[in-house]
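Numbered per numbering that gives the first Met the number 0, the sequence shown spans residues 0 to 429.
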Amino acid sequence: MKLNDKLTILIFGLWLSLFAGARTQEVLDGIAATVDDRIILISEVQSQLQLLTMESNVDLSNKALIDSLSHEILKQMVDDKLILIEAEKDTTIKVTGREIEDALNSHIERIKRQFPSEEVFLSQLTSEGLTLKELRSRYKDEVKNQLYKERFLDKRLSSITISSGEVKQFYNEFVDSLPQRPAGVQIAHILITASPSQSTRDSLLAFAGLILDKARSGEDFGLLAKTYSADGSASNGGDLGWFGHGDMVADFEKAAFELSPGGVSDIVETQFGYHIIKCTEKQDDSIKVSHILFKFEPTEDDIQQSKILCDSLYTALINGADFSQLAAAFSDDENSATSAGNIGWYAADELSDEFSKALAGLEIGEISRPVLSQFGYHILKILDKKDARPLDFKEDYNDIEAIAKRFKTQKELEKWLADVHSRYFIDIKM
Numbered sequence: 000m001k002l003n004d005k006l007t008i009l010i011f012g013l014w015l016s017l018f019a020g021a022r023t024q025e026v027l028d029g030i031a032a033t034v035d036d037r038i039i040l041i042s043e044v045q046s047q048l049q050l051l052t053m054e055s056n057v058d059l060s061n062k063a064l065i066d067s068l069s070h071e072i073l074k075q076m077v078d079d080k081l082i083l084i085e086a087e088k089d090t091t092i093k094v095t096g097r098e099i100e101d102a103l104n105s106h107i108e109r110i111k112r113q114f115p116s117e118e119v120f121l122s123q124l125t126s127e128g129l130t131l132k133e134l135r136s137r138y139k140d141e142v143k144n145q146l147y148k149e150r151f152l153d154k155r156l157s158s159i160t161i162s163s164g165e166v167k168q169f170y171n172e173f174v175d176s177l178p179q180r181p182a183g184v185q186i187a188h189i190l191i192t193a194s195p196s197q198s199t200r201d202s203l204l205a206f207a208g209l210i211l212d213k214a215r216s217g218e219d220f221g222l223l224a225k226t227y228s229a230d231g232s233a234s235n236g237g238d239l240g241w242f243g244h245g246d247m248v249a250d251f252e253k254a255a256f257e258l259s260p261g262g263v264s265d266i267v268e269t270q271f272g273y274h275i276i277k278c279t280e281k282q283d284d285s286i287k288v289s290h291i292l293f294k295f296e297p298t299e300d301d302i303q304q305s306k307i308l309c310d311s312l313y314t315a316l317i318n319g320a321d322f323s324q325l326a327a328a329f330s331d332d333e334n335s336a337t338s339a340g341n342i343g344w345y346a347a348d349e350l351s352d353e354f355s356k357a358l359a360g361l362e363i364g365e366i367s368r369p370v371l372s373q374f375g376y377h378i379l380k381i382l383d384k385k386d387a388r389p390l391d392f393k394e395d396y397n398d399i400e401a402i403a404k405r406f407k408t409q410k411e412l413e414k415w416l417a418d419v420h421s422r423y424f425i426d427i428k429m
């Protein structure tokens, strides 16, 4: 018996193409299915299919395959509607406005990274007849719904456990189709991050002061946010929506709740940078604000200084310095600095391009030249290596247990969905 490839739980969420979906949602071109009092449009199914065919290089001339994929997509969309309906009935599930904004910002940023530049992304939006603000508004409810569904499923499925006997039974049944343990490498590193210098922070604070003067002199706060804020909310005039106590970092929240509607704060410092906050509405224990963020980002000079330090540490290591001692003294990775820089095992095919290139050709005990990643400059050391091999029940028990638990969870989800299907009106039309 072969193990189903889909061992992980499918939470069908923001999978639709932003641009194809943006057009088709406005065209009531036919109903693909009705779920309780909610509809799924044929155009929505076609958007999902379009994205899948682009990502998987599906042969569009194979009508039987396309029909099969369309029906599978529709089935998943029906399940998705049912999960949302059940999630909305659970009054214990809470999602804050800030969480929705953060998730929406992350999603938009992931989409932007698919384009060569932000200018190309915005140009594509324009060609679709959309502004960034309209795009955010269009998908805000989708993001909120996704958060509700994820939390509902987490709550419902978190109690599922698996016994050692079930793990053994699973292993015996699927041993021939379990994935191999991939080739791996155990790595230590020394991380030198490029932090803004005090002079950089002072300059940023002075600039924030100039913008604060503009805000307090009556200039349009939303326009100032769009022009100067480094936060994802800038495109929405800095609007963070409604939030309550405990939803924001402490310093930001304290300053926000001290404001009256229309009030503008002094400059507020958090770990993210300097903020100017404007209260737009307030009621009971909730508040709605907009803000302008002046983000703590290193200058080119700050980055160059971190490279100089990393180069000097590399030279010291080449000349015999102890890696673990330098990691403890200089690494900005607090989690690994006290463990000789050890950051654990990584599958060779899951390493970032930067790490993969830096480690190419190195043997156990050897170190790399300084390599730049999104986190800063690293010096890498190979602590150990392992070749690819089949999973062994004793040696890889934890991994097999995790796979078995995902498999069991998937089966429990399917069983629950079958019960939910029986309790709602569902009409499939395509």
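Built from N, CA and C at the ideal position, the CB exists for glycine as well.
| message | Cutting at 6 Å between CB atoms, please list the residues of its own chain near residue 332, excluding the five before and the five after it. | response | Here the question's residue 332 lines up with position 333 in the sequence shown. Answer for residue 332: 190, listed in chain order.
| query | At which residue ranges does the segment 335-390 contain complete alpha helix (DSSP H) runs of 4 or more residues, listed in the order of the chain? | reply | 352-358
| request: Taking residue 77 as the reference, give the member of 43, 217, 281 and 115 with the closest Cα. | output: Taking the sequence shown and counting its residues from 1, one reaches residue 77 at position 78. Among 43, 217, 281 and 115, the Cα nearest to that of residue 77 is on 43.
| query | Can the beta-carbon of residue 358 be found closer than 8 Å to that of residue 381? | reply | The residue labelled residue 358 in the question sits at position 359 within the sequence shown. The residue labelled residue 381 in the question sits at position 382 within the sequence shown. Their beta carbons are under 8 Å apart, which means residue 358 touches residue 381 by this criterion.
| field | At least 3 beta-carbon pairs within less than 8 Å: the segment 259-275 vs the segment 291-309 | value | yes
| Cross-strand partners of residue 280 (DSSP beta bridge) | Numbered from its first residue, the sequence shown carries residue 280 at position 281. According to DSSP, which records beta bridges pairwise, residue 280 is partnered with 287.
| field | residue 369, buried or exposed, once every other Cβ within 10 Å from all chains shown has been counted against 16 | value | Residue mapping note: residue 369 aligns to position 370 of the sequence shown, counting from 1. So residue 369 ends up on the buried side.
| DSSP three-state assignment for residue 319, whether helix, strand or coil | As a first step, residue 319 is located in the sequence shown; it is residue number 320 there, counting from the start. It is coil, neither helix nor strand.
| Just to confirm, are residue 47 and residue 387 a CB contact at a threshold of 8 Å? | Locating residue 47 in the sequence shown gives position 48, counting from the first residue. Locating residue 387 in the sequence shown gives position 388, counting from the first residue. No, the Cβ-Cβ distance between residue 47 and residue 387 is not below 8 Å.
| Buried or exposed: where does residue 71 fall if 16 or more other Cβ atoms within 10 Å of its Cβ makes it buried? | Position 72 of the sequence shown, counting from 1, holds the residue named residue 71. The residue is exposed, with fewer than 16 neighbouring Cβ atoms inside 10 Å.
| said: Extract the residue ranges of the alpha helix (DSSP H) inside the segment 76-158, only unbroken runs of 4 or more that lie entirely within it. | reply: 96-111, 117-126 and 131-156
| What residues in its chain sit with their C-beta under 7 Å from that of residue 309, if we drop five residues either side in the sequence? | To locate residue 309, count along the sequence shown from 1; it is residue 310. Only 191, 369, 376 and 378 meet the Cβ criterion.
| Sorted by chain position, which residues of the same chain lie with C-beta nearer than 7 Å to residue 342's C-beta, five sequence neighbours on each side aside? | Position 343 of the sequence shown, counting from 1, holds the residue named residue 342. Here the set comprises 186, 187, 188 and 335.
| task | My understanding is that residue 139 touches residue 86, with C-beta atoms under 8 Å, so please give their C-beta distance in whole angstroms. | result | Here residue 139 refers to the residue found at position 140 when the sequence shown is read from its first residue. Here residue 86 refers to the residue found at position 87 when the sequence shown is read from its first residue. With 8 Å as the limit, residue 139 and residue 86 do not qualify as a contact, their Cβ atoms being about 17 Å apart.
| task | Identify the continuous alpha helix (DSSP H) that holds residue 426 and give its terminal residues. | result | The sequence position of residue 426 within the sequence shown is 427, counting from 1. It is not in any alpha helix (DSSP H) - residue 426 instead sits in the beta strand (DSSP E) that spans 425-427.
| said: Helix, strand or coil for residue 57? Go by DSSP, reduced to three states. | reply: The residue given as residue 57 occupies position 58 in the sequence shown. Three-state DSSP puts residue 57 in coil, outside helix and strand.
| said: Would the segment 83-102 count as touching the segment 246-266 if we require 3 or more Cβ pairs under 8 Å? | reply: yes
| message | Excluding the 5 residues flanking residue 395 on each side, which residues of the same chain have their C-beta closer than 7 Å to its C-beta? | response | As a working note, residue 395 is residue 396 in the sequence shown. These residues qualify, in order along the chain: 180.
| Which two residues bound the contiguous alpha helix (DSSP H) that contains residue 185? | Numbered from its first residue, the sequence shown carries residue 185 at position 186. Element bounds for residue 185: not the alpha helix (DSSP H) but the beta strand (DSSP E), 183-191.
| Terminal residues of the beta strand (DSSP E) in which residue 212 lies | Mapped onto the sequence shown, residue 212 falls at position 213. Unbroken run through residue 212 is the alpha helix (DSSP H), 197-215; no beta strand (DSSP E).
| In chain order, what residues of the same chain have a beta carbon less than 6 Å from the beta carbon of residue 221, not counting five sequence neighbours either side? | Looking up residue 221 in the sequence shown gives position 222. Contacts found: 236.
| query | With a CB to CB cut of under 8 Å and the five nearest residues on each side skipped, what residues in its chain are close to residue 267? | reply | In the sequence shown, counting from the first residue as 1, residue 267 sits at position 268. Hits under 8 Å: 250, 251, 254, 273, 274, 275 and 276.
| query | Is residue 383 closer than 8 Å to residue 402 when the C-beta atoms are compared? | reply | Position 403 of the sequence shown, counted from the start, is the residue given in the question as residue 402. Position 384 of the sequence shown, counted from the start, is the residue given in the question as residue 383. Result no, Cβ atoms of residue 402 and residue 383 do not sit closer than 8 Å.
| query | Helix, strand or coil: how does DSSP classify residue 165 here? | reply | Within the sequence shown, residue 165 is the residue found at index 166, counting from 1. DSSP places residue 165 in helix when its eight states are reduced to three.
| Contacting residues, own chain, Cβ-Cβ under 7 Å from residue 426 (five flanking each side not counted) | Counting from 1 along the sequence shown, the entry for residue 426 is found at position 427. Same-chain partners within the cutoff: 32 and 33.
| said: If you follow the alpha helix (DSSP H) that residue 226 is in, where does it begin and where does it stop? | reply: The residue given as residue 226 occupies position 227 in the sequence shown. Run containing residue 226: 220-227, per the alpha helix (DSSP H) assignment.
| Straight-line Cα distance separating residue 256 from residue 374 | By 1-based counting over the sequence shown, the position of residue 374 is 375. By 1-based counting over the sequence shown, the position of residue 256 is 257. Answer to the nearest angstrom: the Cα atoms are 33 Å apart.
| said: Counting C-beta neighbours from all protein chains within 10 Å, is the total for residue 286 16 or more, i.e. buried, or is it exposed? | reply: Position 287 of the sequence shown, counting from 1, holds the residue named residue 286. Buried, because 16 or more other Cβ atoms sit within 10 Å of the Cβ of residue 286.
| query | What do you get for residue 324, buried or exposed, if any count of 16 or more other CB atoms within 10 angstroms of its CB means buried? | reply | Locating residue 324 in the sequence shown gives position 325, where the first residue counts as 1. That one is exposed.
| field | Residue of 318, 393, 136 and 327 minimising C-alpha distance to residue 365 | value | Against the sequence shown, residue 365 aligns to sequence position 366. The shortest Cα separation from residue 365 among 318, 393, 136 and 327 belongs to 318.
| Euclidean distance between Cα positions of residue 74 and residue 423 | In the sequence shown, the residue the question calls residue 74 occupies position 75. In the sequence shown, the residue the question calls residue 423 occupies position 424. Going from the Cα of residue 74 to the Cα of residue 423 covers about 15 Å.
| task | Determine the contact status of residue 39 and residue 80, defining contact as a CB-CB distance below 8 Å. | result | As a first step, residue 39 is located in the sequence shown; it is residue number 40 there, counting from the start. As a first step, residue 80 is located in the sequence shown; it is residue number 81 there, counting from the start. Yes, the pair counts as a contact, with Cβ atoms nearer than the cut-off.
| beta strand (DSSP E) segment containing residue 402, residue limits | Position 403 of the sequence shown holds residue 402. Per DSSP, residue 402 belongs to no beta strand (DSSP E); it is in the alpha helix (DSSP H), 396-420.
| task | Below 7 Å CB to CB, which residues in the same chain sit around residue 258 once its five sequence neighbours on both sides are set aside? | result | Counting from 1 along the sequence shown, the entry for residue 258 is found at position 259. Excluding sequence neighbours, residue 258 sits near 264, 276 and 278.
| Any idea what DSSP makes of residue 40, helix, strand or coil? | Walking along the sequence shown from the start, residue 40 turns up at place 41. Here residue 40 sits in strand by DSSP.
| request: Put residue 244 into one of helix, strand or coil per three-state DSSP. | output: As a first step, residue 244 must be located in the sequence shown, where it is residue number 245. In this structure, residue 244 counts as coil in the three-state DSSP scheme.
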